[in-house]
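Before any comments, here is the structure.
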Amino acid sequence: MRELKWATLGCGVIANQLEQALEQSGRKLYAVANRTHAKGVAFAEKYGIGKVYDEIDDVFADPDVDVIYISTPHNTHIGFLRKALAAGKHVLCEKSITLNSGELDEAIALAEANHVLLAEAMTLYHMPLYRELDRIIAGGELGKVKLIQMNFGSYKEYDMANRFFNRNLAGGAMLDIGVYALSCMRWFMSSKPDRIVSQVKAAPTGVDEQAGILLTNPDGRWPRSRCRCTRSSRSAAPSRSRTAMWRSSTIRAANAPRSTTRPARWCARSRRAIPRTRSPTRWRTWRPQSPRTRRAGPGRFRPMRPPRRSKASCTSVTRAT
Numbered sequence: 001m002r003e004l005k006w007a008t009l010g011c012g013v014i015a016n017q018l019e020q021a022l023e024q025s026g027r028k029l030y031a032v033a034n035r036t037h038a039k040g041v042a043f044a045e046k047y048g049i050g051k052v053y054d055e056i057d058d059v060f061a062d063p064d065v066d067v068i069y070i071s072t073p074h075n076t077h078i079g080f081l082r083k084a085l086a087a088g089k090h091v092l093c094e095k096s097i098t099l100n101s102g103e104l105d106e107a108i109a110l111a112e113a114n115h116v117l118l119a120e121a122m123t124l125y126h127m128p129l130y131r132e133l134d135r136i137i138a139g140g141e142l143g144k145v146k147l148i149q150m151n152f153g154s155y156k157e158y159d160m161a162n163r164f165f166n167r168n169l170a171g172g173a174m175l176d177i178g179v180y181a182l183s184c185m186r187w188f189m190s191s192k193p194d195r196i197v198s199q200v201k202a203a204p205t206g207v208d209e210q211a212g213i214l215l216t217n218p219d220g221r222w223p224r225s226r227c228r229c230t231r232s233s234r235s236a237a238p239s240r241s242r243t244a245m246w247r248s249s250t251i252r253a254a255n256a257p258r259s260t261t262r263p264a265r266w267c268a269r270s271r272r273a274i275p276r277t278r279s280p281t282r283w284r285t286w287r288p289q290s291p292r293t294r295r296a297g298p299g300r301f302r303p304m305r306p307p308r309r310s311k312a313s314c315t316s317v318t319r320a321t
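Just so you know, the sequence shown maps onto residues 1 to 321 in the UniProt record's numbering.
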């Protein structure tokens, strides 16, 4: 089988991570296209990549390129998607893949018409920690999901010219980091939400500095139904923690790094209530009878400090019995 040749469109931080990941699997990028040619040359020299295009659009006309990785700012995605898909290239595009559903529908139609693959680079789905959570939930040992909650924050100094706060550059918390929270929640939901409620705190430039979204499943009424709530913020400390809560038990993974290669036991400081079994993740256990007590001996409990909740990020999952 012929090995596919990859070209990156953009050579920022994420493109560096892609090249490093390819090298771990014994592969490397074939070519680099970047708006600033000098940066493309520096990127190619750093990783020993043999081809750098003089013009960014030259990558679409290269018959040797099979897959294009798009790692440019969000507002440029749809333009590059149109060109890449029309040229018959497979595409892996960074999140957020498009700015709205209309653009996404157009990209999907182009991919289908040209018989190529189109995918969004959402790393969460491939992380050992999330795969372990998925295994636990899918096993059904803790009952049905009632509530899943995730907060995701990343602090950025306010700068109206920075893309994070620039409306013309598709800035805002939801498009940049909120998609992680939404994708995580939707991944564990058993059905498509039929009710969406949102609340936004806007920055002076008009982008969402903080956003909260409540999604409700169609098989019940809020708040007794299976619901998920997500919050994203550009004004909170950059911490990542996930908490899974059931009526009879709780799972919490604190400060989980963005790892796709390390085993789950190295990916987070985690706690798990019941059952008391070992798992690939490093769990601590406590009894769920009271959120502020833990077992001190047979039939006895002593007060326990509640788990710390990060200002930036926390995920919880609650299942009904």
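All residues carry an ideal CB built from backbone N, CA and C; glycine is no exception.
**Message:** Tell me whether the region 147–156 and the region 171–180 touch, counting them as touching only if at least three CB pairs, one residue from each stretch, are closer than 8 angstroms.
**Reply:** yes
**Request:** Within the UniProt domain "GFO/IDH/MocA-like oxidoreductase" (130–221), note down every full alpha helix (DSSP H) run reaching 4 residues or more, in order along the chain.
**Result:** 179–188
**Item:** Span of the beta strand (DSSP E), counted from its first residue to its last, around residue 65
**Value:** For the purposes of this step, residue 65 is taken as residue 65 along the sequence shown, with counting starting at 1. Careful: residue 65 lies outside any beta strand (DSSP E) and carries neither H nor E.
**Message:** Let me confirm a value: residue 132 is counted as buried when at least 16 other C-beta atoms fall within 10 Å, else exposed. Which label applies?
**Reply:** One-based indexing of the sequence shown puts residue 132 at position 132. Residue 132 is buried by the Cβ-count criterion.
**Request:** Please name the residue, chosen from 130, 135, 175, that lies closest to residue 98 on a Cα-to-Cα basis.
**Result:** Position 98 of the sequence shown, counting from 1, holds the residue named residue 98. Cα-wise, what sits closest to residue 98 is 175.
**Request:** Go ahead and pull the three-state DSSP assignment for residue 55.
**Result:** Mapped onto the sequence shown, residue 55 falls at position 55. Three-state DSSP puts residue 55 in coil, outside helix and strand.
**Straight-line gap, residue 173 to residue 210 (C-alpha atoms, nearest Å)** = Here residue 173 is taken as the residue at index 173 of the sequence shown, counted from 1. Here residue 210 is taken as the residue at index 210 of the sequence shown, counted from 1. Roughly 6 angstroms separates the two Cα atoms.
**Request:** Just confirm the distance between the C-beta atoms of residue 90 and residue 59, as a whole number of angstroms; I'd bet it's less than 8 angstroms.
**Result:** Taking the first residue of the sequence shown as position 1, residue 90 is located at position 90. Taking the first residue of the sequence shown as position 1, residue 59 is located at position 59. Incorrect: roughly 13 angstroms between the Cβ atoms, too far for contact.
**Item:** Straight-line Cα distance separating residue 82 from residue 71
**Value:** Along the sequence shown, one-based indexing puts residue 71 at 71. Along the sequence shown, one-based indexing puts residue 82 at 82. Between residue 71 and residue 82, the C-alpha separation is close to 15 angstroms.
**Request:** Return the CA-CA distance between residue 194 and residue 187, expressed in angstroms with no decimal places.
**Result:** Here residue 194 corresponds to residue number 194 of the sequence shown, with the count starting at 1. Here residue 187 corresponds to residue number 187 of the sequence shown, with the count starting at 1. Rounded to the nearest angstrom, the two C-alpha atoms are 16 angstroms apart.
**Item:** Under the three-state DSSP convention, the category residue 13 falls into
**Value:** Indexing the sequence shown from 1 puts residue 13 at position 13. Three-state result, residue 13: helix.
**Message:** Taking 8 angstroms as the cut-off, does the region 72–80 touch the region 40–51 (at least 3 CB pairs, one atom from each stretch)?
**Reply:** no
**Message:** Strictly by DSSP, which residues pair up with residue 32?
**Reply:** In the sequence shown, the residue the question calls residue 32 occupies position 32. Residue 32 pairs with 8, 52.
**Coil, strand or helix - residue 81 by DSSP** = In the sequence shown, residue 81 corresponds to position 81, counting from 1. Three-state result, residue 81: helix.
**Request:** Would you tell me roughly how many angstroms separate the C-alpha atoms of residue 272 and residue 35, rounded to the nearest one?
**Result:** Here residue 272 refers to the residue found at position 272 of the sequence shown. Here residue 35 refers to the residue found at position 35 of the sequence shown. Per-residue confidence for residue 272 stands at a pLDDT of 41, beneath the threshold of 50, marking its modelled position as unreliable; no derived number is given.
**Prompt:** According to DSSP, which residues form a beta bridge with residue 118?
**Reply:** The residue you call residue 118 lines up with position 118 of the sequence shown. Paired residue(s): 91.
**Asked** Can the beta-carbon of residue 33 be found less than 8 angstroms from the beta-carbon of residue 49?
**Response** As a working note, residue 33 is residue 33 in the sequence shown. As a working note, residue 49 is residue 49 in the sequence shown. Taking 8 angstroms as the cut-off, the beta carbon of residue 33 is found no closer than this to the beta carbon of residue 49.
**Asked** Who are the Cβ neighbours of residue 61 in its own chain at under 8 angstroms, not counting the five residues just before and after it?
**Response** Counted from its first residue, the sequence shown places residue 61 at position 61. 87.
**Request:** With DSSP as the reference, please indicate the residues paired to residue 324 in a beta bridge.
**Result:** Because the chain here runs from 1 to 321, residue 324 falls outside it and cannot be looked at.
**Sequence-distant residues of its chain with Cβ nearer than 7 angstroms to residue 95 (five each side left out)** = As a working mapping, residue 95 is identified with position 95 in the sequence shown. Excluding positions up to five away in sequence, the list reads 120, 121, 122, 179.
**Request:** Return the first residue and the last residue of the alpha helix (DSSP H) that residue 40 is part of.
**Result:** Stepping through the sequence shown from its first residue, residue 40 is reached at position 40. 37–47 is the span of the alpha helix (DSSP H), which, as asked, contains residue 40.
**Message:** By the DSSP assignment, the alpha helix (DSSP H) with residue 102 in it spans what residues?
**Reply:** Here residue 102 refers to the residue found at position 102 when the sequence shown is read from its first residue. Note, residue 102: alpha helix (DSSP H), 101–113.
**Message:** Once DSSP output is grouped into helix, strand and coil, what is the label at residue 23?
**Reply:** Here the question's residue 23 lines up with position 23 in the sequence shown. Looking at residue 23 - three-state DSSP - the assignment turns out to be helix.
**Prompt:** Is the beta carbon of residue 104 less than 8 angstroms from the beta carbon of residue 111?
**Reply:** Residue numbering aside, residue 104 sits at position 104 when the sequence shown is read from its first letter. Residue numbering aside, residue 111 sits at position 111 when the sequence shown is read from its first letter. No. Outside cutoff.
**Item:** Cβ-Cβ separation, residue 51 to residue 31 (assumed contact under 8 angstroms), whole Å
**Value:** Residue 31 sits at position 31 when you count from the first residue of the sequence shown. Residue 51 sits at position 51 when you count from the first residue of the sequence shown. Cβ-Cβ separation between residue 31 and residue 51: approximately 4 angstroms, consistent with a contact (criterion under 8 angstroms).
**Prompt:** Run through DSSP, which three-state label would residue 98 get?
**Reply:** Sequence index remark: in the sequence shown, residue 98 carries index 98 (1-based). The answer is coil: DSSP assigns residue 98 none of H, G, I, E or B.
**Prompt:** When you compare each of 190, 13, 207, 63 to residue 144 by their alpha carbons, which one comes out closest?
**Reply:** By 1-based counting over the sequence shown, the position of residue 144 is 144. Measuring from the Cα of residue 144, the nearest candidate turns out to be 190.
**Message:** Here's the rule I'm using: 16 or more other beta-carbon atoms within 10 Å means buried, otherwise exposed. How should residue 101 be labelled?
**Reply:** For the purposes of this step, residue 101 is identified with residue 101 of the sequence shown, where counting begins at 1. Exposed.
**Asked** In or out: residue 4 buried (at least 16 other Cβ within 10 Å) or exposed?
**Response** For the purposes of this step, residue 4 is taken as the residue at position 4 of the sequence shown. By the 10 Å Cβ count, residue 4 comes out exposed.
**Message:** Judging by CA-CA distance, which residue of 113, 41, 92, 29 is the nearest neighbour of residue 64?
**Reply:** By 1-based counting over the sequence shown, the position of residue 64 is 64. Nearest of 113, 41, 92, 29 to residue 64, Cα basis: 29.
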